[in-house]
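Structure, rendered in structure tokens:
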């Protein structure tokens, strides 16, 4: 690492020296600036189904956009939100590629969130029976996904998130308004989803990773709070709190900006007329 840093400085000095118009002051400024910049920007991998996908949509004011904005100076947020996916399809078709990306170093997240289960809990007699995954299989799949991440990225912290509350009244209204052959059929229910949420909590405990139990949290909230942009704010705040509590090293990284706030350069490197790189 030291030899690499020295090489960067030597290359920088050589470049500056090759341009006779650059002053000694300019050269010193650039070397000092390089020392203040944090290398190897950390990453977070946010993965899940349509809940994660839509949370990245600015039109929703989604929690991922809030999260990304709050961490934009220190972290890169990588999103893998795939609408309609359950744990069976994820484990079979997505996880192998993700594991390869992690092992190769293409992805180097320090935190990975795993949020699957809403589609697994689809009703077998509902409008989307093809998405259903039996409860025992869901638990097994979830454990295998976490184990895969632990093997491919052993230094990464992992958070499992439960499927959230389902608004039965809203689902019934949507089903009633359908005009196809599935009219009147519910796709999922709060009761069924609750069963999967509890299995998710148990799986996280078995895997030894923290769990964000959004099902219980939102189940105790008012409809207005659950089903609006305010709900996304809640998810963002709860995840930030979980990271702060469980991953102090990550929390410290979040507080370190990759590049200093511009006030530093306004004070230490203001325009003076003599530090122009094109002055004769």
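In mature numbering (1 follows the signal peptide of the UniProt record, and there is no 0), the protein residues as written are -21 to -1, 1 to 259.
Glycine included, every Cβ here is placed at the ideal spot set by N, Cα and C.
Everything numeric in this text was worked out from a predicted model, so none of it was measured.
- Within the model, the alpha-carbon separation for residue 127 versus residue 56 is close to 20 angstroms.
- Residue pairing by DSSP puts residue 94 in a beta bridge opposite 27, 140.
- For residue 63, same chain residues with a beta-carbon under 7 angstroms away, outside a window of 5 residues either side, are 28, 29, 98, 110 in chain order.
- Of the candidates 22, 174, 255, the residue whose Cα lies closest to the Cα of residue 117 is 174.
- Nearest C-alpha to residue 66 among 124, 232, 246, 134: 124.
- Excluding sequence positions up to five before and after residue 213, its CB lies less than 6 angstroms from no other CB in the same chain.
- DSSP, read as helix, strand or coil, puts residue 227 in helix.
- It is roughly 14 angstroms from the alpha-carbon of residue 181 to the alpha-carbon of residue 193.
- Separation of residue 106 and residue 153 (C-alpha to C-alpha, rounded to the nearest whole angstrom) is 11 angstroms.
- When DSSP states are grouped into helix, strand and coil, residue 213 belongs to the helix group.
- For the pair residue 34 and residue 78, the CB atoms are not nearer than the 9 angstroms cut-off.
- Listed in chain order, the non-local C-beta contacts of residue 215 below 6 angstroms within the same chain comprise 42, 45, 46, local neighbours out to five positions each way being set aside.
- For residue 60, the uninterrupted beta strand (DSSP E) run begins and ends at 55 to 60, by DSSP.
- The Cβ neighbour count for residue 161, taken over all protein chains shown within 10 Å, is under 16; the residue is labelled exposed.
- Counting only the Cα atoms, residue 101 lies some 17 angstroms from residue 155.
- Cα atoms of residue 68 and residue 112: separation of roughly 10 angstroms, rounded to the nearest angstrom.
- Residue 166 counts as buried, since no fewer than 16 other beta carbons sit within 10 angstroms of its beta carbon.
- A straight line joining the alpha-carbon of residue 94 with that of residue 236 spans about 27 angstroms.
- Per DSSP, the continuous alpha helix (DSSP H) segment holding residue 49 begins and ends at 42 to 49.
- Ranking 251, 239, 253, 198 by CA distance to the CA of residue 176 puts 198 first.
- For residue 145, the three-state secondary structure derived from DSSP is coil.
- Distances from the CA of residue 140 to each of 133, 170, 188, 171 were compared; the closest alpha carbon is that of 188.
- Exclusion of the five residues before and after residue 150 leaves 165, 166, 167, 168 as the residues of its chain whose Cβ lies within less than 8 angstroms of its Cβ.
- Taking the Cβ atoms as the reference, residue 229 lies roughly 10 angstroms from residue 138, outside the contact range of under 8 angstroms.
- In the assembly as shown, residue 120 is a buried residue. Its beta-carbon has 16 or more other beta-carbons within 10 Å.
- In terms of Cα proximity to residue 92, the closest of 32, 23, 76 is 23.
- Between the C-alpha atoms of residue 226 and residue 170 there is a straight-line separation of about 32 angstroms.
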